[in-house]
Amino acid sequence: MAKRPPITNRVKELREAHGAMSQAALGEAIGVTRQTIIAIEQGRYSPSLESAFRISRVFGVGLEDVFGWAGD
Amino acid sequence: MSFHEKSAWVMGLIMVAGMAFYFRTVAAMSEGLDAVAPPVLPLVIVYVVVIVVLSIIGHILIAFSKPSEADGAMDERDKLVAARAGNIAGLVLGVGLISALGIYLFTYDGNQLFHAAFGVLMISQLAEYAARIVYYRAGV
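These protein sequences, in sequence, are chains A and B.
The numbering of the first sequence is the numbering used here, which starts it at 1 and goes up by one.
The numbering of the second sequence is the numbering used here, which starts it at 1001 and goes up by one.
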């Protein structure tokens, strides 16, 4: 029923590289809850395209620097 | 655990308690009768009032446990979880109601049909809360 999406991400790594930004602060910056950031970092949820762009813009990097396809 | 996941746990537990209360009462009313007891309005009213009161109390307790998240609207993940769980609940409701109606065609027992339809409503709600919890835990 709940299949994990085949999308990898570097959200945790980038968050820690940006002055140890908290999950709550990142969530607030892109308009989702802290729990959703946790789910993204753990690979239990793939964000919408809009949120993915918002995350990459917060970190000042490209979309593919944050998200990737499992196996690539 | 997010406010909405806690809410699903609370509502799921309340639905289980409500179902147990309703069907134990119907079983007790049916004792000594040769058939299923007829539905009675006071029991339905008590059931609805108890569910509403318990859900209000439950949500107040959840809000007190983490006030900062209590007024949070659903984000995109919450909405996706709710939509997928709602689909499952709709499927359970449809199959359950068709089954209850099918059984009626063989038994012509209107009392049983009422209780079965009421039970299916409860089970579909329970399925929705259970599905929400699974999606929150396992991923969506």
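Don't be surprised by glycine CBs; every beta carbon is placed ideally from N, CA and C.
Model, not experiment: these values are computed from the prediction.
Exercise. How close, in whole Å, do the beta carbons of A1131 of chain B and R1084 of chain B come, if the pair is a contact with beta carbons under 8 angstroms?
Worked result: 7 angstroms
Exercise. Since I1051 of chain B and G1018 of chain B are thought to touch, with beta carbons under 8 angstroms apart, how far apart are those beta carbons, to the nearest angstrom?
Worked result: 5 angstroms
For this session: Give, in chain order, every residue of the region 1075 to 1086 of chain B whose Cβ lies closer than 7 angstroms to some Cβ of chain A.
Result: D1075, E1076 and R1077
Exercise. Which residues does DSSP pair with N9 of chain A in a beta bridge?
Worked result: A:F67
For this session: Would you decide whether A1028 of chain B is buried or exposed? Buried here means 16 or more other CB atoms lie within 10 Å of its CB.
Result: exposed
Exercise. Among residues of its own chain, excluding the 5 on either side of P1039 of chain B, which ones have a beta-carbon nearer than 6 angstroms to its beta-carbon?
Worked result: F1114
Exercise. Which of helix, strand or coil does DSSP assign to P47 of chain A?
Worked result: coil
Exercise. Ends of the alpha helix (DSSP H) at Q1125 of chain B?
Worked result: G1110 to A1138
For this session: Just mark I40 of chain A as buried or exposed, buried being the case when its beta carbon has 16 or more other beta carbons within 10 Å.
Result: buried
For this session: Spell out whether any CB of chain A is found under 8 angstroms from the CB atom of S1055 of chain B.
Result: no
Exercise. According to the neighbour-count rule (16 or more other Cβ atoms, all chains shown, within 10 Å of its Cβ), is L1126 of chain B buried or exposed?
Worked result: buried
Problem set entry | Under 7 angstroms from the C-beta of S1002 of chain B: neighbouring residues of chain A | T33 and Q35
Problem set entry | Cβ-based neighbour list, T36 of chain A, same chain, cut-off 7 angstroms, excluding 5 preceding and 5 following | G27 and Y45
For this session: Answer with buried or exposed for V1053 of chain B, where buried requires no fewer than 16 other C-beta atoms within 10 angstroms of its C-beta.
Result: exposed
Exercise. For a contact meaning CB atoms closer than 7 angstroms, what does G1072 of chain B contact in chain A?
Worked result: T33
Exercise. Applying a beta-carbon distance threshold of less than 7 angstroms, which residues of chain B neighbour S56 of chain A?
Worked result: The contacting residues do not exist; S56 of chain A stays about 16 angstroms from chain B at best.
Problem set entry | Chain-order list of residues whose beta-carbon lies under 6 angstroms from that of I1098 of chain B (same chain, five-residue window excluded) | none
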